[in-house]
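Worksheet for the structure shown next.
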Amino acid sequence: MSQSSDSQASHLSTSPARRPRSPSAAARSPSEVQRPRVEQPHGADSERATLEVAMARLSSALKENLRYFDSLATTVRDSGNIAQDQRLHAMTPARQDPNLRDAVAALQAENQRLQAESQRLLAESQAETRRLQAESQRLQAENSRFKRLQAQALGEHPLGDNDLLVTFWRALLAGQVTEQPHRVNGVDFVFLVLPDDVVWMGKRRMGRTLMVRECYPALFDIITNSGAERQPWVVIGNPGIGKTFFSAYFLYRIVQRWRDDPQSELTVVYEPAQLEAKPRYLLCSDQTVSKGSILSDHFALALDSLKTWYLVDGHAAGLYDAQTLLVTYPRREFYKELEKDSMPRRYMPVWSKDEIFACLHQQNATPENMRDAEMRFSRWGGIARQVFKAETLQNSERPLQEAINSCKIENIRSAVDKPAGEQEASHRIVHIDVLPSTTCPYQETRLLFASDWVVEQYLHRSFTEEHANLVHFLGAVNDLAPYASLRGQLLEKYAHSIIPQGGSFQIRDLSNTQAAVSTLVIPPLTRVLFQALNQVDLQSSNMYFQPTASNHPAIDAVISPNKFLQMTVSLNHPIKAQRLAEAVRLVPAPELYFVVPYQIFNDFKAQDYHSVAGQKLLDTPQNVRYVRQFALSLSLSTIPRPAPSNT
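Per the UniProt record's numbering, residue 1 is the first one in the sequence shown, and the count goes up by one each step.
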């Protein structure tokens, strides 16, 4: 699957501060010390001077030719005026005296001579112009040759016509990308397909087909249409979600804009994911591609132009005047220098299930391959690289299990400040979840565990190996807001394991602040998974209905006949009134239980009802007004049991 792989923001002023090109030799390893630049080829200075004199002479000759053409045009106009006078006089020959007739004849003869001379001079001038144009082309070719020699002396060199990056770049410039629509499960997708033997970014592993994910056009428009292009932009995402493919899409869109005005110049400096050689490429609208080195600061002149695009993939970017885009996994050392310039930052979401299956459908995956990919998705979530990898579920689970076993609670806590990339284990099991927003799209995020399977596995490991740390993490009274989503996932999984076992639980009636703590005895319950509320049969006794999706807006579980559960680790957990109204209409006397860690049980208060848009409601739906709210305490002492799998 070609797209399964990945390679690992307005300036406050138009001339940002530049960091030193490279550290001092004393601060660098011997392999990184920049070697002295190679001297110019012998006689290069004199050759350059000769070329400059010749081109100046050529420019002067062309200007002289233009002046000469203007003179010829004046002569022809004058000749035409004389001919007109002759015609007028010829109309009244009887009124002309002999001297006048002789003068007219002389003028006619002179006019014919001037016209013949004019044609001769015009032919000579055209021939001279052709000669000068040929000379200009020769000098331009000579100048290009000189530049190539100079670039080679500096360590830069042009890539050959058969280089994969060159053929890719020329295909973009020539408009040889085909947009293929594809509809899967009622959702429309677009695939960009290159010609045969041409691959994206010149990398065979990327293949010739690129799927345009939902976030790609939006991120491109944000970066290029915001009026903030002059600032360096950073797009951050989990490893393995196709950030290099976004770089390729971004390059494609830049070229599409250039093709609307092909007389303009297009210059791109591209730095791929870091290799030991630290290469840097210069891509120009004249179809040339040159290779240089980051260590030698090649193409610095182009990078100092505001018209140049500087695309960096998965490593620290330099500070230049060029329009900068860095795509990377979360590793602050890569963009901490850019942050000094008020760097705009956006986040790329992991793949949705629809995107995964659209890509599989486009590749004509077999039903068996589709099932295997769905199983890997149930483990890894939207990490495309792992989902598309053709391996057994057991082999796919192995690196995840290793990460779960090695990632302690402290690692999870530090994942907020040092997320994926700096900790090899945490980035496998913790994902960046991009929150929807109409005002600042792709900017607000939270951290979530990769999948329900990961939550369950991590809960059991941490409960048995570091129970005290887990209890403190789940019930921290200071709320630990950055970790709230991760804590909420763990608590919900724990509650789904403990409550169906039955037992005695402390509860508080939140509608009566004076009410004493009481005990709720729950018998052992039969777990039933449901996808929609109409599948919940509250007439059956001792049933525990659990939604297959863990993000229902109002309830996390239902205990027949009338108890609705909402798990939370926060003291502030408003309820979407409309969604709750849809649920409680099933019963005459509904009770809503907020299942909380014992540490916040005594401080938990009745919760407000909000609109779907998140605004506090002053007038709640009638059936919601009769819902009694309770708090239910989880002691966090009982060992959780594995819940039935949803896959």
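All C-beta atoms in this analysis are idealised placements derived from N, C-alpha and C, irrespective of residue type, glycine included. Bear in mind that the values here come from a model prediction, so they are computed numbers and not experimental data.
query: Rounded to a whole number of angstroms, what is the C-alpha to C-alpha distance between G237 and A557?; result: 32 Å
query: Counting only runs that start and end within the stretch 610 to 645, where is the beta strand (DSSP E) found for 3 or more residues in a row?; result: 628 to 634
query: Here's a check: name, in chain order, each residue in its chain whose Cβ is nearer than 6 Å to the Cβ of Y458, leaving out the five neighbours to either side.; result: I404
query: When DSSP labels each residue in this structure, what does E391 get in the three-state scheme?; result: coil
query: With a cut-off of 8 Å on the beta carbons, I'd call L565 and V595 a contact; round off their distance for me.; result: 6 Å
query: So who's on the other strand from A557, going by DSSP bridges?; result: L565
query: If I follow the unbroken alpha helix (DSSP H) through F299, where does it start and stop?; result: From DSSP, F299 is part of no alpha helix (DSSP H); its letter is neither H nor E.
query: Taking the alpha-carbon of S635 as reference, which of F220, A613 and L470 has the nearest alpha-carbon?; result: L470
query: Would you mind working out which of T439, T638 and T568 sits nearest A218, comparing C-alpha positions?; result: T439
query: How far does the alpha helix (DSSP H) with F245 in it extend, from its first residue to its last?; result: K243 to R259
query: Would S462 and I409 qualify as a contact pair, given that the criterion is a beta-carbon distance under 8 Å?; result: yes
query: Give me the DSSP bridge partner(s) of R527.; result: Y544
query: Is the CB-CB distance between L192 and Y252 below 8 Å?; result: yes
query: If you check the beta carbons only, do L194 and V166 fall under 8 Å apart?; result: no
query: Write down the C-beta distance between I522 and F505 rounded to the nearest angstrom, noting that I regard them as a contact closer than 8 Å.; result: 7 Å
query: By how many angstroms is the C-alpha of A123 removed from the C-alpha of V104?; result: 29 Å
query: How about the stretch 382 to 400 and the stretch 427 to 439: do they share at least three Cβ pairs that are nearer than 8 Å?; result: yes
query: The alpha helix (DSSP H) with C215 in it runs from where to where?; result: C215 to N225
query: Using a threshold of 8 Å, state whether the C-beta atoms of A358 and H182 are closer than that.; result: yes
query: For I254 and A316, I'd like the C-alpha separation in whole angstroms.; result: 22 Å
query: Taking 8 Å as the limit between beta carbons, can you name the residues of its chain near I639, skipping five residues before and five after?; result: F463 and T464
query: D313 and P272: beta carbons closer than 8 Å?; result: yes
query: What do you reckon, are the CB atoms on Y310 and Q323 nearer than 8 Å?; result: yes
query: Does the stretch 509 to 518 come close enough to the stretch 569 to 589 to have 3 or more Cβ pairs within less than 8 Å?; result: no
query: Which of the three DSSP states is assigned to K353 in this structure?; result: helix
query: Is Q287 near the ligand MN, going by C-beta to nearest heavy atom under 7 Å?; result: In the structure on display, the ligand MN does not appear, and there are no ligands present to speak of.
query: Cα separation between P36 and E333?; result: Unreliable positioning characterises P36 in this predicted model, as indicated by a pLDDT of 37, which lies under 50. A coordinate reading is not provided.
query: Measure the beta-carbon distance from N623 to V584 and round it to whole angstroms, keeping in mind my assumption that it falls under 8 Å.; result: 6 Å
query: Within a Cβ cutoff of 6 Å, which residues of the same chain sit near V517, ignoring the five residues on either side of it in sequence?; result: Q506 and R508
query: For E39, which three-state DSSP category applies?; result: No answer about E39 holds up, because its pLDDT of 41 lies below 50 and its placement is not dependable.
query: Assuming T464 is part of the alpha helix (DSSP H), what are its boundary residues?; result: D452 to E465
query: Cutting at 6 Å between CB atoms, please list the residues of its own chain near L325, excluding the five before and the five after it.; result: W233 and L311
query: Give me, in chain order, the residues of the same chain whose beta-carbon lies closer than 6 Å to that of S290; leave out the 5 immediate sequence neighbours on both sides.; result: E156, P158 and L282
query: Just verifying my parser: in three-state terms, what is the DSSP assignment at K291?; result: strand
query: How many angstroms separate the CA atom of P597 from the CA atom of S485?; result: 14 Å
query: From G488 to I356, what distance separates their C-alpha atoms?; result: 27 Å
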